[in-house]
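Below: one structure, written as structure tokens.
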Amino acid sequence: MINFVLEKENVSYFAFLSDNEMTDAGGNNEVNASITKSSGTTVGAGTLERAGEGKMEVKTALMKRIFESLPTPVHLIFVDRSYRIQYISEKLVKYRGYKRVDDVIGMEISEFFETGELIKTVIDTGKPIEKKEMVLRRYRDGEREEVPVLASCNPVYDDSGVIIGAVAAFTEMAELKRAIEVAERNMRFLDGVPAPVMAVDREFNVICMNEAGAKVVGVPKSECIGRKCYTLFNTTHCNTPECGVSRAVQSNRTLTLETIARLPGGEIPVRYTAAPLKDAEGRIIGGIEYVVDITEETRMIEEIKRLIENAKEGLLDARCDVSEFDGGYKKIAEGMNAVL
Numbered sequence: 032m033i034n035f036v037l038e039k040e041n042v043s044y045f046a047f048l049s050d051n052e053m054t055d056a057g058g059n060n061e062v063n064a065s066i067t068k069s070s071g072t073t074v075g076a077g078t079l080e081r082a083g084e085g086k087m088e089v090k091t092a093l094m095k096r097i098f099e100s101l102p103t104p105v106h107l108i109f110v111d112r113s114y115r116i117q118y119i120s121e122k123l124v125k126y127r128g129y130k131r132v133d134d135v136i137g138m139e140i141s142e143f144f145e146t147g148e149l150i151k152t153v154i155d156t157g158k159p160i161e162k163k164e165m166v167l168r169r170y171r172d173g174e175r176e177e178v179p180v181l182a183s184c185n186p187v188y189d190d191s192g193v194i195i196g197a198v199a200a201f202t203e204m205a206e207l208k209r210a211i212e213v214a215e216r217n218m219r220f221l222d223g224v225p226a227p228v229m230a231v232d233r234e235f236n237v238i239c240m241n242e243a244g245a246k247v248v249g250v251p252k253s254e255c256i257g258r259k260c261y262t263l264f265n266t267t268h269c270n271t272p273e274c275g276v277s278r279a280v281q282s283n284r285t286l287t288l289e290t291i292a293r294l295p296g297g298e299i300p301v302r303y304t305a306a307p308l309k310d311a312e313g314r315i316i317g318g319i320e321y322v323v324d325i326t327e328e329t330r331m332i333e334e335i336k337r338l339i340e341n342a343k344e345g346l347l348d349a350r351c352d353v354s355e356f357d358g359g360y361k362k363i364a365e366g367m368n369a370v371l
């Protein structure tokens, strides 16, 4: 079994590539592979058969297929034990001024770029390198450009525990900085919304919560991140087929539902709108939820029902208790009393 760990955006992805026990009469090798998040969710998987090819070639081909299915684009490269490139993302090839992936497959890593020694060190020592700031040279239109990147490199092992290579990932710091700035700006917008707004991944882990949401659930905003959403809002829809986020993600639709939230301050009726959350490629990666406290609305509906029942029984002097309402609902109560 070949396995490795790739960390990206604070999420660890574990890759497993295993040979089946049997090959067919034609000598075909069959390999199963998967890439799994640390939470246990598989984000890429497949089976590949290549007639007459060795196991390493089959595994490399499948590794390429799985790498390309990872949720967020990064510059990726796989170098074998002899320091030769066996897989490289097309974007990184062009980044270095080459035209085709085939032009660099089999090339000694130090011939390809200046960070080759970093990858060699990981292969030789077995010690991963995480989030190291460094500079890559990019060649574009005949010009050389120094680009700051964040590099991570992990050893790759076979099923007997022997290192057979290393996987390296490079993220441009400028892109990362822009992404962080956009995220922070969006978060400021969300914090300006007076109602709870929350985003979760496909496993219902909170990845974003605004100040209003944190206040309602009684947990500091920073401590909400990574918690299961149903442990915070604890509604009657949570962990049931009625869950709006789950339904929105599965159906790729926006839904508005009403339920009861069981919060530290007590139970309150809420109306929430759930919508699928998508990445830049349009893939659904979770859900976003906007929650509104409808306590006064519910109380007004109950008050109207009470007045109707009283009228049916001939109690025409019944009136709304205006002191129970605020804002627009108070005006509605005053208007109803004036009509009665």
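Counted from 1, the sequence shown has number 40 at position 9 by this note's numbering; the numbering is strictly sequential. All C-beta atoms, glycine included, are put in the ideal place defined by N, C-alpha and C. What you are looking at is a predicted structure, and each value in this text was computed from that prediction instead of being measured.
Is it true that the CB of residue j sits closer than 7 Å to the CB of residue i?
i	j	result
L308	G297	no
R168	Y126	no
A243	P272	no
T287	T304	yes
Between the C-alpha atoms of residue i and residue j, what's the straight-line distance to the nearest angstrom?
i	j	result
R131	E148	23 Å
C269	K151	49 Å
T54	Q281	Residue placement at T54 cannot be trusted, given a pLDDT of 35 that sits under 50; what the coordinates show is reported in the next sentence. Roughly 38 Å between the two C-alpha positions.
A279	R330	28 Å
R175	I256	41 Å
C184	F201	9 Å
A46	E327	Confidence at A46 is low in this model, with a pLDDT of 47, below 50, so its placement is unreliable and no value can be given for it.
S253	V276	22 Å
I31	A199	Residue numbering for the chain in the displayed model covers 32 to 371; residue 31 lies beyond these limits and cannot be assessed.
M240	G196	40 Å
V231	H106	26 Å
N283	T146	42 Å
F143	K158	22 Å
P186	I154	6 Å
S69	R302	Caution is warranted here: a pLDDT of 39 is assigned to S69, below 50, making its placement in the model unreliable, and the coordinate value is therefore given only provisionally. Each residue's Cα considered, the two are about 33 Å apart.
Y114	R258	41 Å
G249	P227	12 Å
Helix, strand or coil: which one does DSSP assign to residue i?
i	result
D189	coil
D324	strand
G137	coil
E298	strand
I319	strand
T67	Interpretation of T67 is limited by its pLDDT of 43, a score under 50 that renders its predicted location unreliable; no figure is taken from the coordinates.
C184	strand
I16	For residue 16 there is no data in the structure shown, the boundaries of the chain being 32 and 371.
T262	helix
Does the distance between the C-beta of residue i and the nearest non-hydrogen atom of the ligand FAD fall short of 6 Å?
i	result
T287	Absence of the ligand FAD is noted for the structure shown, with no ligands found whatsoever.
List the whole-angstrom C-beta distance separating residue i from residue j, where the pair is believed to meet the contact cut-off of C-beta under 8 Å.
i	j	result
P300	I316	With 8 Å as the limit, P300 and I316 do not qualify as a contact, their Cβ atoms being about 30 Å apart.
E164	P179	7 Å
Exercise. Looking at C-beta atoms only, is the number of pairs between the segment 284-301 and the segment 260-268 that lie closer than 8 Å three or more?
Worked result: Taking 8 Å as the limit for Cβ pairs, the verdict is that the segment 260-268 does touch the segment 284-301.
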